[in-house]
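Using the numbering used here, read the sequence shown as starting at 19 and increasing by one per residue. Where a beta carbon is used, it is the ideal one built from N, C-alpha and C, also for glycine. These notes are about the structure you will find just below.
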Amino acid sequence: MGGELPARILIVDEHLIARTAIRRLLDGRPFRICGEARDGKEAIEKVIELEPDIILLDINMPVMDGIRAAHEIRLVSPETKIVFLTSHDIPAFRGAAQRSSHAFVSKLEADTELIPVLNGLTEVSDGNQPRPIKSRRAASA
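Right, dumping it as structure tokens:
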């Protein structure tokens, strides 16, 4: 396999119940949850520490909101893909999110939309299993 691993995902949401629901949704799928964060500032720290391939990022959070965090994350880790996963499906949020991320998924539709979005970001090779992506962590080991 030569350094190819399932996509490493960082979940960022201030609510434990939301992070738990996302974990359950991804359970049994070919993705690896590498960590969690409660706000944008902690997300940046976790990105530097964990080097995730994909971040599931809420917009409305304390300390630092998701839009600002996404901007900062792109500076420290431009290869990391950002998916806004939020309950705020307001056109202004959606526009800002689309400019700062690779995808936008409403939490209300996450059960049907999140997996296809993640599969698309990890380059689905056979319509069923995402092709493993080159992990920066594995490449540097």
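{"query": "Reduced DSSP category for T98 - H, G, I as helix; E, B as strand; rest coil", "result": "coil"}
{"query": "L74 - partner residues in DSSP beta bridges", "result": "I29, V101"}
{"query": "Cβ pair V94, V135 closer than 8 angstroms", "result": "no"}
{"query": "Beta-carbon gap between G43 and A128 smaller than 8 angstroms", "result": "Sequence check: residue 43 is Leu here, not Gly. Yes; because the gap between Cβ atoms is below 8 angstroms, this pair is in contact."}
{"query": "Range covered by the alpha helix (DSSP H) that runs through V135", "result": "128-139"}
{"query": "Minimum C-alpha distance to A88 - residue among I29, P48, P70, L75", "result": "L75"}
{"query": "Cβ-based burial, N78 [other Cβ within 10 Å; buried from 16]", "result": "exposed"}
{"query": "Residue environment, T38, which counts as buried when at least 16 other CB atoms sit within 10 Å", "result": "exposed"}
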